[in-house]
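Heads up: the structure comes next, in structure tokens.
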Amino acid sequence: HHNMAERNVSDWLYARTLAEEPAKATKFNAEIFDINRAGMRVRLLENGAAAFIPSSLIMSNKERIECNADNGTVSIDKQVEFRLGDTLELILTDVNQENRNLVAKPTRVFAEPVIEAEQSAVETPAE
Numbered sequence: 015h016h017n018m019a020e021r022n023v024s025d026w027l028y029a030r031t032l033a034e035e036p037a038k039a040t041k042f043n044a045e046i047f048d049i050n051r052a053g054m055r056v057r058l059l060e061n062g063a064a065a066f067i068p069s070s071l072i073m074s075n076k077e078r079i080e081c082n083a084d085n086g087t088v089s090i091d092k093q094v095e096f097r098l099g100d101t102l103e104l105i106l107t108d109v110n111q112e113n114r115n116l117v118a119k120p121t122r123v124f125a126e127p128v129i130e131a132e133q134s135a136v137e138t139p140a141e
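Under the working numbering, the sequence shown has 135 at position 121, and the numbering climbs by one with no breaks.
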């Protein structure tokens with residue numbers, strides 16, 4: 015019970031301390047310590063707080079992202095972009111003081127896939 019109480023207190027302190035950061039869009043560095051189907055859990059290097067990055071905040075297009083817990087990887091368009099132990103820059107998007115959850119998103123933005131433009135079928139005849 016002691017460890018759980020200690021964790022609850024530290025989570026509460028992190029939530030209170032970081033409450034203003036989403037509005038300021040403060041950038042933090044974090045290390046990925048868990049990857050599951052829903053996204054990844056990270057630890058802020060600046061202060062040790064744990065935050066969750068939902069896959070929808072990494073990439074809004076569900077078809078393009080895959081979070082693989084077995085491999086410990088997050089892939090975009092079949093390309094591994096994040097793996098356990100990686101560090102990344104992020105901003106906090108939500109600090110919920112009631113349930114002491116920190117939600118974050120990477121600062122890195124993934125471009126739309128390049129779709130080869132089809133050759134125009136209508137060609138103007140040479141005059």
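From the three backbone atoms N, C-alpha and C, an ideal C-beta is built for every residue, glycine too.
Taking the DSSP output, what are the residues bridged to residue i?
i, result
"T87", "N82, R97"
"R55", "D48, F66"
"T105", "Per the sequence shown, residue 105 should be read as Ile rather than Thr. In DSSP, I105 forms a bridge with K41, K119."
"N61", "DSSP output for N61 lists no bridge partner at all."
"N110", "N115"
Quick one, which of the options has its alpha-carbon nearest residue i's?
i, options, result
"D25", "Q93, L116, D100, P127", "L116"
"L71", "A118, A19, R21, V128", "A118"
"A63", "R122, L102, L27", "L27"
"D108", "M18, A52, I67, V88", "I67"
"I105", "A33, K76, E126", "A33"
"N85", "E103, M54, K76", "M54"
"E103", "A29, P127, A65", "A65"
"T121", "A52, P127, T40, T87", "T40"
"T31", "M18, A52, H16, N61", "N61"
With a threshold of 8 Å between beta carbons, is residue i in contact with chain D?
i, result
"V56", "Although the question refers to chain D, the structure presented lacks it and comprises just one protein chain."
I'd like the list of long-range same chain contacts for residue i, defined as Cβ closer than 7 Å, with 5 residues on each side in sequence excluded.
i, result
"M73", "I79, I90, F124"
"Q93", "none"
"S69", "A52, G53, I79, C81"
"P36", "L106, T107, D108, V109"
In chain order, what residues of the same chain have a beta carbon less than 8 Å from the beta carbon of residue i, not counting five sequence neighbours either side?
i, result
"L59", "F42, N43, A44, E45, T101"
"E20", "none"
"Q29", "Inspection of the sequence shows that residue 29 is occupied by Ala rather than by Gln. Within the same chain, A29 has close Cβ partners V109, N110, Q111, R114, N115, L116."
Touching or not, the segment 79-88 and the segment 105-122, by the rule of three or more beta carbon pairs under 8 Å? no
The segment 94-102 touching the segment 44-53, judged by at least three CB pairs closer than 8 Å: Yes: the two stretches touch, three or more of their Cβ pairs being nearer than 8 Å.
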